[in-house]
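**Student:** Residue numbers (my numbering), protein chains in the order written: chain A, 1 to 414; chain B, 1 to 123. Backbone N, C-alpha and C define an ideal beta-carbon position, used for all residues, glycine too.
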Amino acid sequence: MSVLALADCNNFFVSCERVFRPCLEGRPVIVLSNNDGCVISRSEEAKALGVGMGAPFFEVRALCAENGVVSISANHELYVDLSRRVGQVLNRHSPSVESYSIDESFLTWPDAESALERARALRAEVLRWTGLPVSVGVAPTKALAKLASDRAKRAGGVLSLLDARERERVLAETPVAHVWGIARRSAERLAPFGASSAADFAALDDALILKTLGIGGLRLAQELRGVSCLPFAASPALRKSILVSRSFGRPVGALEPLESAAASFAARAAERARRHGLRAGALRVFVGWREEGRVAGDDAARRLPPTDDTAVLVAAAKALVRELFVETRSYRRAGVVLGALEPADTGQRGLFDDGSVERSRRLMRTMDRLNAALGPGTLRYGGERVSRGWAPRCERRSPCWTTRWEDLPRASAG
Amino acid sequence: MRRRDPRIVPAPLEIVRVYDYTGGMFVAAEDYADSGLSLDERLVEHPAATFFLTAAGSSPDAGVRDGDLLIVDRSQSPEPGRVVVAVAAGELVVRRLPSGWRDDDGLEVWGVVRWLVRAPEAA
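1. Quick one: which residues of the segment 117-141 of chain A get their C-beta closer than 9 Å to a C-beta of chain B? List them in chain order.
2. Please report how far the alpha carbon of Ser-412/A lies from the alpha carbon of Val-84/B, in whole angstroms.
3. Which first and last residues belong to the alpha helix (DSSP H) in which Ile-215/A is found?
4. Please name the residue, chosen from Val-93/B, Arg-42/B and Gly-36/B, that lies closest to Val-117/B on a Cα-to-Cα basis.
5. If you scan the segment 266-351 of chain A from start to end, which runs of the alpha helix (DSSP H) of 4 or more residues do you find wholly inside it?
6. How long is the line joining the alpha carbons of Asp-407/A and Ile-71/B, rounded to whole angstroms?
7. Would you call Asp-103/A buried or exposed, if buried means 16 or more other Cβ atoms sit within 10 Å of its Cβ?
8. So, under 8 Å CB-CB, Tyr-79/A and Phe-12/A are touching, yes? Tell me the CB distance rounded to an integer number of Å.
9. Less than 8 Å between CB atoms is the rule here; does Ala-56/B satisfy it with respect to chain A?
10. When DSSP labels each residue in this structure, what does Glu-79/B get in the three-state scheme?
11. Anyone know if the C-beta pair for Arg-123/A and Val-158/A falls short of 8 Å?
12. Given a threshold of 16 other Cβ atoms within 10 Å of its Cβ, counted over all protein chains shown, does Gln-348/A qualify as buried or as exposed?
13. Using a Cβ-Cβ cut-off of 8 Å, state whether Ala-122/B counts as contacting chain E.
14. To the nearest angstrom, how far is it from the Cα of Arg-82/B to the Cα of Gly-87/A?
15. Among Val-252/A, Leu-6/A and Val-179/A, which residue has its Cα nearest to the Cα of Gly-216/A?
16. With DSSP as the reference, label Val-27/B as helix, strand or coil.
17. Could you give the distance in angstroms between the alpha-carbon of Glu-79/B and the alpha-carbon of Ala-148/A?
18. Does the beta-carbon distance from Gly-54/A to Cys-38/A come in below 8 Å?
19. In chain B, which residues lie less than 7 Å from Arg-85/A when you measure between Cβ atoms?
20. Which chain A residues are close to Ala-62/B, counting only those with a beta carbon under 8 Å from its beta carbon?
21. Kindly list the residues whose CB is nearer than 7 Å to the CB of Thr-174/A, restricted to its own chain and excluding five residues on each side of it in sequence; keep chain order.
22. Is there a Cβ of chain A sitting closer than 8 Å to that of Glu-41/B, yes or no?
23. For Leu-39/B, count the other beta carbons within 10 Å of its own beta carbon; 16 or more makes it buried, fewer makes it exposed. Which is it?
24. For the segment 63-91 of chain A, which residues have a beta carbon sitting closer than 7 Å to at least one beta carbon of chain B?
25. Residues of chain B with a CB under 7 Å from the CB of Cys-23/A: which are they?
26. Out of Ser-59/B, Ala-89/B and Leu-97/B, which one is the CA nearest neighbour of Asp-105/B?
27. Which residues of the segment 181-208 of chain A have a Cβ closer than 9 Å to any Cβ of chain B? Give them in chain order.
28. Short of 8 Å in beta carbon distance, which residues of its chain neighbour Gly-68/A, apart from the five on each side in sequence? Order them along the chain.
29. Once the 5 residues before and after Ala-316/A are set aside, which same chain residues still bring their CB inside 8 Å of it?
30. Our contact map puts Leu-220/A next to Gly-181/A with C-beta atoms below 8 Å; I'd like the distance itself, whole angstroms only.
31. Which of the three DSSP states is assigned to Thr-130/A in this structure?
32. Using alpha carbons as the reference points, say which of Ser-330/A, Leu-230/A, Ala-155/A and Glu-271/A lies closest to Asn-10/A.
33. Give the range of the beta strand (DSSP E) segment to which Asp-73/B is assigned.
34. If I follow the unbroken beta strand (DSSP E) through Phe-13/A, where does it start and stop?
35. Within 10 angstroms of the Cβ of Glu-30/B, are there 16 or more other Cβ atoms? Answer buried if so, exposed if not.
36. Between Arg-21/A, Pro-22/A, Lys-153/A and Val-70/A, which has its C-alpha nearest Arg-6/A's C-alpha?
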């Protein structure tokens, strides 16, 4: 029987900051999102103080000041690099690793034998190589592995739910709302049937689950029973869309900065598409503003001949912004979504293609390489981010210790 | 028309084909295009565990000078006599581990310094 392990980095963003600032060890630390200043990662000490996940910073500012909580603005460039390193270590421990999110990956092992020792070795090596603590849950299915890794955080970092009796005990203790994939609304719908624990839920009649939560709910119940239903995708599933959006540092009321923001988002999205070897067949732009105290929004889309060309996508995004723009509104947010994605190498060469497709591809590759080497946004298309009116507020952000030469961490000698 | 500076001789325009997808000879040339020496290959044994740091200050004992680029491998086991980056009072520091050093000495080792990179001083 093959087994699944979920390796989950503990308080990932905070842990990344601590690798290069050991003085943060043992202190309450929170990481805030760049745009709206919400809490997106908390150290155990900050959790103990009652700082809520997702809380806007202004709500917890007083609590933080009173208790000496260190608040840091998110540095995604650093987190992505460390996540990549964790992935490389995981690859040494299993031939099939599925990266589920920036801080969680599923691994498979061919048999259950000494799975716990393997999990311990994995945890020790990630910690030693990258400085990041991970929790590892081992189980026969993904939903159970997720549950195991959550509980592993309070059990020395490694926990197995391979044993059926142990599984029953844990499921009985787990509220159904804590099960991976069961939203609060779903939990409420299950309440009339007396399903308050995960074990109650798993014991419900299949037809009843199907009627109440649909096929997704039934799959989850099966997973909790130890029957694997969520496919293991060793290669990441083809992305359905690529989204780049930001809240603006301050409201934007003019066309030009809005256009330049959308152009910048389209360029980022194009970069991402190329990194994944994809081309977009559609582009959507959305904008958001506040109206009489309420959030309002609008969007527009157009289809394109499949492309990963920054120039084409930027032009489309700007054209859509001009369609959407209304002078009396002050925009708070905008975003670009690339859709109808397809692998870039399957496209047929157009009958009348004069080689410009290949030339544009080479230009794009050069742009990506230079931007990767010299920092994002080094090379830009005209119109992309000429105006900085919308640029998000960033305070107290840590240096890009692992991705920029000028930001290398310093070690004092002597 | 502006007169050309006689010291600047325009080079004859030359188009060099490095490779060609259809010509067998040129494809062979491409095979060697990537075989140059890479410092990464020589200096970075474990990319996932290797970090670059800058030395602040000098330590004759560790053979480290101010501004040295430190190539630090966290996957290596610290041993007595090796130069390491360690954590002291919450800060990263460069030290040579003393000959009698043991793992449980209380000095928290962050990573082992594998290489120092430094430009020679001007005379």
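**Tutor:** Answer, in terms of the structure:
1. If the cut-off is 9 Å between Cβ atoms, the segment 117-141 of chain A has Glu-125, Arg-128, Trp-129, Thr-130 and Gly-131 near chain B.
2. The C-alpha of Val-84/B is placed about 11 Å away from the C-alpha of Ser-412/A.
3. From DSSP, the alpha helix (DSSP H) with Ile-215/A extends over 206-224.
4. The alpha carbon of Val-117/B has as its nearest neighbour, out of Val-93/B, Arg-42/B and Gly-36/B, the alpha carbon of Arg-42/B.
5. As summarised for the segment 266-351 of chain A, the continuous alpha helix (DSSP H) elements at least 4 residues long and confined to that stretch are 310-324, given in chain order.
6. Cα-Cα distance, rounded: 15 Å.
7. For Asp-103/A, the number of other beta carbons within 10 angstroms of its own is at least 16, and it is reported as buried.
8. Yes, Tyr-79/A and Phe-12/A are in contact; Cβ-Cβ is about 7 Å, under 8 Å.
9. Cβ-Cβ to chain A under 8 Å: yes for Ala-56/B.
10. DSSP places Glu-79/B in coil when its eight states are reduced to three.
11. Taking 8 Å as the Cβ cut-off, Arg-123/A and Val-158/A qualify as a contacting pair.
12. Caution is warranted here: a pLDDT of 40 is assigned to Gln-348/A, below 50, making its placement in the model unreliable, and the coordinate value is therefore given only provisionally. The residue is exposed, with fewer than 16 neighbouring Cβ atoms inside 10 Å.
13. No chain E appears in the structure shown, which is made up of the protein chains A and B.
14. Their backbone Cα atoms lie some 29 Å apart in a straight line.
15. Selected option, being the one with the closest Cα: Val-179/A.
16. For Val-27/B, the predicted structure reports a pLDDT of 47, less than 50, and the residue's modelled location is therefore unreliable. A value from the coordinates is still provided. Helix, per DSSP.
17. Approximately 36 Å, taken between the alpha carbons.
18. The answer is yes: Cβ separation under 8 Å.
19. Near Arg-85/A (Cβ distances below 7 Å), the residues of chain B are Ala-48.
20. Near Ala-62/B (Cβ distances below 8 Å), the residues of chain A are Ala-413.
21. Cβ within range, chain order: Leu-147, Ser-197 and Ala-198.
22. With respect to chain A, the C-beta atom of Glu-41/B has no partner C-beta closer than 8 Å.
23. Leu-39/B comes out exposed.
24. In summary, the residues of the segment 63-91 of chain A whose CB is separated from some CB of chain B by less than 7 Å are Arg-85, Gln-88 and Val-89, in the order they occur in the chain.
25. Listed along chain B are Gly-90 and Glu-91, each with a C-beta nearer than 7 Å to that of Cys-23/A.
26. Cα-wise, what sits closest to Asp-105/B is Leu-97/B.
27. Those would be none; no residue qualifies.
28. The residues are Arg-27 and Pro-28.
29. Same-chain partners within the cutoff: Ala-266, Leu-283, Arg-302 and Leu-304.
30. Contact between Leu-220/A and Gly-181/A holds: their C-beta atoms lie close to 5 Å from each other, under 8 Å.
31. In the structure shown, Thr-130/A sits in a helix (DSSP, three-state: H, G or I).
32. For the set Ser-330/A, Leu-230/A, Ala-155/A and Glu-271/A, the Cα lying nearest the Cα of Asn-10/A is the one of Ala-155/A.
33. Unbroken beta strand (DSSP E) run through Asp-73/B: 69-73.
34. Taken as a continuous stretch (DSSP letters only), Phe-13/A belongs to no beta strand (DSSP E), being part of the alpha helix (DSSP H) at 12-20.
35. Annotation note: pLDDT 47 at Glu-30/B (below 50); position unreliable, coordinate value reported separately. Counting Cβ neighbours within 10 Å, Glu-30/B comes out exposed, since fewer than 16 surround it.
36. According to the sequence shown, residue 6/A is Leu rather than Arg. Comparing Cα-Cα distances from Leu-6/A to each of Arg-21/A, Pro-22/A, Lys-153/A and Val-70/A, the minimum goes to Lys-153/A.
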